[in-house]
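This report refers to the structure that appears directly beneath it.
Protein chains: 2
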Amino acid sequence: MLGRLNHVAIAVKDAVQAAKVYGAGFDAAISEAVPLPEHGVITVFVTLPNTKIEFIQPLGEASPIAKFLERNADGGIHHVCYEVPDIIEARDRLTKEGARVLGDGNPKIGAHGKPVLFFHPKDFSGALVEIEQA
Amino acid sequence: MLGRLNHVAIAVKDAVQAAKVYGAGFDAAISEAVPLPEHGVITVFVTLPNTKIEFIQPLGEASPIAKFLERNADGGIHHVCYEVPDIIEARDRLTKEGARVLGDGNPKIGAHGKPVLFFHPKDFSGALVEIEQA
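First to last, the protein sequences are chains A and B.
full-length UniProt numbering numbers the first residue of the first sequence as 1 and each following residue consecutively.
full-length UniProt numbering numbers the first residue of the second sequence as 1 and each following residue consecutively.
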């Protein structure tokens with residue numbers, strides 16, 4: 001039931017700037033910056049052979065990562081995203097195990113156009129966990 | 001030059017306990033706990049189809065993750081590890097781009113028996129970065 005690690009998200013004040021060392025120092029493929037106003041972020045992707053790093057930069061007044069960047073001025077690893085074959089089944093099973101889903105518990109359409117949910121970091125060893133329907 | 005994401009490391013006070021929700025809630029394959037005294041950690045791996053999550057728990061008096069857990073009592077995402085084909089070439093190129101290597105700059109043998117180096121989080125958007133010879 002645990003699918004691929006879809007991405008590791010790193011929150012930063014400037015996503016284009018943050019990705020530069022991956023391009024210059026690692027020769028990695030870097031995407032253009034993509035604003036996602038409905039998610040309150042600008043994203044830049046770094047492509048690895050098996051997964052991707054997603055730099056996220058606040059966009060707009062109520063960005064969900066603004067508070068994180070207040071606490072972590074240099075940026076930091078914000079969340080990991082796991083793919084699951086059936087997001088409702090995964091949600092029900094994880095909540096049965098005591099993991100708390102964030103928000104109203106209903107999947108929202110995420111940055112990749114697929115249903116996603118987030119779980120409380122306290123129930124995942126301090127790591128914010130996103131699950132995405134594969 | 002940027003290879004696979006080898007693992008995401010999550011530092012915790014109890015690695016076996018931390019991995020449980022991945023087993024029970026995600027049906028993921030969980031390794032036995034492996035003490036690595038020379039690295040000052042106990043590790044438990046969670047296997048995903050494309051990479052792995054590595055839970056690390058302090059072992060001994062001078063564990064390199066003790067300070068992190070003082071600041072992050074619930075645990076937290078500690079570092080990401082990227083594979084590179086040639087660790088010396090990768091080090092030289094990254095330092096040329098301004099990334100600061102930790103320690104004396106010479107690769108050490110890491111938890112998987114391969115040469116590794118760590119780079120300063122401030123040069124990677126607040127993310128501690130490990131590179132490992134593939």
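C-beta atoms are modelled at their ideal positions from N, C-alpha and C, and glycine is treated no differently.
- With respect to the 8 Å criterion, Ile42(B) and Ala15(B) are classified as neighbours on the basis of their beta carbons.
- Considering only Leu36(A), Pro37(A) and Ala28(A), the residue with the shortest C-alpha distance to Pro49(A) is Ala28(A).
- At the C-beta level, Glu83(A) and Ala24(B) stay beyond 8 Å of one another.
- By the criterion of a C-beta distance shorter than 6 Å, Ala99(A) is surrounded in its chain by Phe119 and Asp123, once the five residues flanking it on both sides are discounted.
- In this structure, the alpha-carbon of Leu94(B) lies about 14 Å from that of Gln133(B).
- One Cα belongs to Pro37(A), the other to Gly126(B), and the distance between them is close to 24 Å.
- Secondary structure note for Val21(A): its alpha helix (DSSP H) is the uninterrupted segment Ala15 to Phe26.
- For Glu97(A), the nearest beta carbon of chain B is closer than 8 Å to its own beta carbon.
- Between Ser125(A) and chain B, the shortest Cβ-Cβ separation is below 8 Å.
- In the three-state scheme derived from DSSP, where H, G and I count as helix and E and B as strand, Thr47(B) is classed as strand.
- For Lys67(B), no beta strand (DSSP E) segment is defined; the enclosing uninterrupted segment is the alpha helix (DSSP H) at Ala66 to Arg71.
- According to the DSSP assignment, Lys96(B) belongs to the alpha helix (DSSP H) that extends over Ile87 to Lys96.
- Ala9(A) does not reach chain B, its nearest Cβ partner there being about 10 Å away, counting only Cβ pairs nearer than 8 Å.
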